[in-house]
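Mind the numbering: the sequence shown is residues 281 to 810 in my numbering, read in order. Heads up, the beta-carbon is just placed ideally off N, CA and C, and yes, glycines get one too. In this text, all values refer to a predicted model and were calculated from it rather than measured experimentally.
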Amino acid sequence: MAPKVLISDELSEAAVQIFKDRGIDVDFQPNLGKDKEKLLEIIGNYDGLAIRSATKATEKIIAAATNLKVIGRAGIGVDNVDIPAASKKGIIVMNTPFGNSITTAEHAISLMMAVARQIPEANASTHAGKWEKSRFMGVELTAKTLGVIGAGNIGSIVIDRALGLRMKVIAYDPFLSEDRATEIGVEKVELDDLLARADFITMHVPLTDQTRNILSRENIAKLKQGVRIINCARGGLVDEDALADALKSGHVAGAAFDVFAVEPATDSPLFNLPNVVVTPHLGAATTEAQENVALQVAEQMSDYLLTGAVSNALNMPSVTAEEAKIMGPWIKLSGHLGNFIGQMTDEPIMAINILFDGTASEMNLKALTASSVAGIMKATNPDVNMVSAPVIAKERGVKISTTKQDQSGAFEGYIKVTVVTESRERSIAGTVFNDGKPRFIQIKGINIDAEVGENMVYTTNNDVPGIIGVLGSILGTNSVNIANFTLGRAEAKGEAIALLYLDEPLPAKAVAELEGTGKFKQVKPLRFDI
């Protein structure tokens, strides 16, 4: 059955066609996002939800989305999506961070020029027939210092354009490396240095706890006299009241804002000030950008629903279509390893440690880790998946660590998962053979070679004669067929284990009979999603 996607906001017809061409059943209702009750009523029928800014994917909507697997936002901002609620529900949230980058960067440059030359005020005056040529004395951009807060995708485009205007550019970005700064031709500085030196400041960061009010009243007081401030990023990055005061006093010469702390912005302390240029969140408002983000979100959602490829997800590691093909068996193995330990562990888990060896260490470790954690969590929460598992683990205070190492044994690569509880550690390792099938290769440090099946049983015992006969006899009398049988031991006469792949689940009666023989320390039926 084809996946079903709802488009609840205005989206390009070309994007709708992409879904159709990819074999997706698409329902295009561009005004539905404004009708919360109707959306709540029908959202449970869809695998995907494609939106812009009008649709609010609230916790209530997400709770009703019983089949939803992915939400795609055509654009960068996802303020209208409850990402924590989506993550807990196992729903991937995607955006399109690059589709409107050029458009937003160009708008920032446009606003910088507009505020430098007082173009809106001069335009209004001229339309009014006043011809006030001497009133509108501007400043050049050439040789001025531009301070860029946030040198990511959009910020780096602004830097490139500003260098073309012969500006000197300095940037504050904790994640900007010295090598990258050299590559894009910018001087990396600390925030206080930028505030003191910049003639113009433009912001290109998301709104987070760290960036909220990054231009606070305190920081505005540190600004160079006569600075001009541009914000095309997010409302809330600047204390608008403090900025208005600085504009009125002349400490700040001008400002140009496309975004506001409260939107739609029908009132702001920045409104009606003669040295302020304002636009109604037009950063992404070009024909090209609207088309680009619509096409991009359609492709991304289709890729995920049809192939499992994940790109530009905000709550899950990205996995390309090529990676999905290669990593598919390894992601499945990671889940099986976690699932084994999850079913074997009946006390609170304090830590999860995952070792990636050889070829496994060269893969997308975030995705593999998420799969292992999901497998572990499934034992107590069957609805968990790769998106929600890390969130649940964090909420429970489980520490997750990963280690990479070069090939260290007979296998080209393997994964070893260890869980730590208050009383013990338990580990299992596995690999993927050339046939693409996951195998368990070690349990409790004992080497084995076990194919993974839907129904299995794990036993531990002292290494004495007759164990195989007991297992075969009791399973036979209970009409349980053994598809594969693996034995292992640490040393002769020491502890031994058996892992049996069965054609059907082991009935409780058979478990009781095996335990009743007194020959087994542990008998544990297991079930895996194959």
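(request) To the nearest angstrom, report how far apart Ile634 and Pro454 are at their CA atoms. (result) Against the sequence shown, residue 634 aligns to sequence position 354. Against the sequence shown, residue 454 aligns to sequence position 174. So the two alpha carbons sit approximately 29 Å from each other.
(message) Three or more C-beta pairs under 8 Å: does that hold for the segment 335-345 against the segment 393-406?
(response) no
(request) Alpha carbon to alpha carbon, how far is Ile510 from Ile372? Give it in angstroms, no decimals. (result) Counting from one through the sequence shown, the residue named residue 372 turns up at place 92. Counting from one through the sequence shown, the residue named residue 510 turns up at place 230. Straight-line Cα distance between these residues: approximately 33 Å.
(request) With DSSP as the reference, label Lys658 as helix, strand or coil. (result) One-based indexing of the sequence shown puts residue 658 at position 378. Coil.
(request) Determine, using beta carbons only, whether Lys504 and Ala535 come nearer to each other than 8 Å. (result) Position 224 of the sequence shown, counting from 1, holds the residue named residue 504. Position 255 of the sequence shown, counting from 1, holds the residue named residue 535. No; because the gap between Cβ atoms is not below 8 Å, this pair is not in contact.
(message) In whole angstroms, give me the CA-to-CA distance for Asp626 and Lys804.
(response) The sequence position of residue 626 within the sequence shown is 346, counting from 1. The sequence position of residue 804 within the sequence shown is 524, counting from 1. Roughly 12 Å separates the two Cα atoms.
(message) Tell me which residue opens and which closes the beta strand (DSSP E) that Ile629 is part of.
(response) The residue you call residue 629 lines up with position 349 of the sequence shown. Run containing Ile629: 629-638, per the beta strand (DSSP E) assignment.
(request) Could you check what DSSP says for Arg332 in three-state terms: helix, strand or coil? (result) Taking the sequence shown and counting its residues from 1, the one referred to as residue 332 is at position 52. Arg332: coil per DSSP, three-state reduction.
(message) Can you tell me which residues form a DSSP beta bridge with Gly427?
(response) For this step, residue 427 is matched to residue 147 along the sequence shown. According to DSSP, which records beta bridges pairwise, Gly427 is partnered with Ile450, Ile481.
(message) Suppose you measure from the CA of Arg769 to the CA of Ala669; what does that come to, to the nearest Å?
(response) Looking up residue 769 in the sequence shown gives position 489. Looking up residue 669 in the sequence shown gives position 389. Cα to Cα, Arg769 sits roughly 33 Å from Ala669.
(request) Take the Cβ of Ala772 as the centre, count every other Cβ of all protein chains shown within 10 Å, and call the residue buried at 16 or more, exposed below. (result) Here residue 772 corresponds to residue number 492 of the sequence shown, with the count starting at 1. With fewer than 16 Cβ atoms within 10 Å of its Cβ, Ala772 is classed as exposed.
(message) Below 8 Å on the Cβ atoms is my contact criterion, and I expect Ala790 with Leu755 to pass it. Report the Cβ-Cβ distance as a whole number of Å.
(response) Walking along the sequence shown from the start, residue 790 turns up at place 510. Walking along the sequence shown from the start, residue 755 turns up at place 475. Going by Cβ atoms, the distance from Ala790 to Leu755 rounds to 6 Å, so yes, they are a contact pair.
(request) Could you tell me how far apart the beta carbons of Val653 and Ile611 are, in whole angstroms, since I believe they sit closer than 8 Å? (result) What you label residue 653 is simply residue 373 of the sequence shown in a count that begins at 1. What you label residue 611 is simply residue 331 of the sequence shown in a count that begins at 1. In fact, because the Cβ distance is near 12 Å, the residues do not count as touching under 8 Å.
(message) What would DSSP say about Ala385, mapped onto helix, strand or coil?
(response) Stepping through the sequence shown from its first residue, residue 385 is reached at position 105. Here Ala385 sits in helix by DSSP.
(message) Whole angstroms are fine: how far does the CA of Asp743 sit from the CA of Gln802?
(response) Walking along the sequence shown from the start, residue 802 turns up at place 522. Walking along the sequence shown from the start, residue 743 turns up at place 463. Going by the C-alpha atoms only, they are around 13 Å apart.
(request) Leaving aside the five residues before and after Ala282 along the sequence, list all residues of the same chain whose C-beta is less than 7 Å from its C-beta, in chain order. (result) On the sequence shown, position 2 is the one that residue 282 refers to. Hits under 7 Å: Gly303, Ile304, Asp305.
(message) Under DSSP, the alpha helix (DSSP H) around Tyr584 begins and ends at which residues?
(response) Position 304 of the sequence shown holds residue 584. Residues 567-587.
(request) Could you tell me which of Ser759, Asn758, Ile748, Tyr781 sits nearest to Phe800, measuring between CA atoms? (result) Along the sequence shown, one-based indexing puts residue 800 at 520. It is Ile748 whose Cα lies nearest to the Cα of Phe800.
(request) Report, in whole angstroms, the separation of the C-beta atoms of Asn595 and Ser333, which I expect to be a contact under 8 Å. (result) Numbered from 1 along the sequence shown, position 315 holds the residue referred to as residue 595. Numbered from 1 along the sequence shown, position 53 holds the residue referred to as residue 333. About 19 Å separates the two Cβ atoms, so there is no contact after all.
(request) Reducing DSSP to helix, strand and coil, say where Arg706 ends up. (result) As a first step, residue 706 must be located in the sequence shown, where it is residue number 426. Arg706 falls in the strand class under three-state DSSP.
(message) So the candidates are Leu767, Arg460, Val732; which of them puts its Cα closest to the Cα of Pro745?
(response) Against the sequence shown, residue 745 aligns to sequence position 465. For Pro745, the nearest C-alpha among the options comes from Leu767.
(request) Could you tell me if the beta carbon of Glu568 falls within a distance shorter than 7 Å of some heavy atom in the ligand ATP? (result) You won't find the ligand ATP in this model; it holds no ligand whatsoever.
(message) Can you tell me which residues form a DSSP beta bridge with Arg769?
(response) By 1-based counting over the sequence shown, the position of residue 769 is 489. Paired residues: Ala776.
(request) In the DSSP assignment, find the alpha helix (DSSP H) that holds Pro364 and state where it starts and stops. (result) Here the question's residue 364 lines up with position 84 in the sequence shown. That run of the alpha helix (DSSP H) goes 363-368.
(message) Cutting at 7 Å between CB atoms, please list the residues of its own chain near Ala402, excluding the five before and the five after it.
(response) The residue given as residue 402 occupies position 122 in the sequence shown. Phe416.
(request) Please report how far the alpha carbon of Ile494 lies from the alpha carbon of Ser390, in whole angstroms. (result) To locate residue 494, count along the sequence shown from 1; it is residue 214. To locate residue 390, count along the sequence shown from 1; it is residue 110. Using only the alpha carbons, I get a separation of about 23 Å.
(request) Compute the distance between the beta-carbons of Lys448 and Ala408, then report whether it is under 8 Å. (result) Locating residue 448 in the sequence shown gives position 168, counting from the first residue. Locating residue 408 in the sequence shown gives position 128, counting from the first residue. No, the Cβ-Cβ distance between Lys448 and Ala408 is not below 8 Å.
(request) Excluding the 5 residues preceding and the 5 following Ile382 in the sequence, name in chain order all residues of the same chain whose CB lies nearer than 7 Å to its CB. (result) If you number the sequence shown from 1, residue 382 lands on position 102. Answer for Ile382: Ile437, listed in chain order.
(message) I'd like the span of the alpha helix (DSSP H) that includes Ala406, first residue to last.
(response) Walking along the sequence shown from the start, residue 406 turns up at place 126. With the sequence shown as reference, residue 406 is identified as Thr, and Ala is not the correct amino acid for it. Run containing Thr406: 399-407, per the alpha helix (DSSP H) assignment.
(message) Check this for me: beta carbons of Gly328 and Met666, under 8 Å apart or not?
(response) The residue labelled residue 328 in the question sits at position 48 within the sequence shown. The residue labelled residue 666 in the question sits at position 386 within the sequence shown. It is not a contact, given that the beta carbons lie outside the stated cut-off.
(message) DSSP has Asn592 in a bridge; who is on the other side?
(response) Here residue 592 corresponds to residue number 312 of the sequence shown, with the count starting at 1. Paired residue(s): none; Asn592 is not in a bridge.
(request) Have a look at Gln398 and Arg508 and give me their C-alpha separation to the nearest angstrom. (result) Position 118 of the sequence shown, counted from the first residue, corresponds to residue 398. Position 228 of the sequence shown, counted from the first residue, corresponds to residue 508. The straight-line gap from Cα to Cα measures roughly 12 Å.
(request) Answer with buried or exposed for Thr739, where buried requires no fewer than 16 other C-beta atoms within 10 angstroms of its C-beta. (result) By one-based count along the sequence shown, residue 739 stands at place 459. Buried, because 16 or more other Cβ atoms sit within 10 Å of the Cβ of Thr739.
(request) Evaluate the contact criterion for the segment 635-649 versus the segment 689-702: three or more CB pairs, one atom per stretch, below 8 Å. (result) yes
(request) Would you give the residue range spanned by the beta strand (DSSP E) that Pro718 belongs to? (result) Here residue 718 corresponds to residue number 438 of the sequence shown, with the count starting at 1. Unbroken beta strand (DSSP E) run through Pro718: 718-723.
(message) Is it the case that the segment 540-550 contacts the segment 567-584, given that we only count it when at least three CB pairs across the two stretches are under 8 Å?
(response) no
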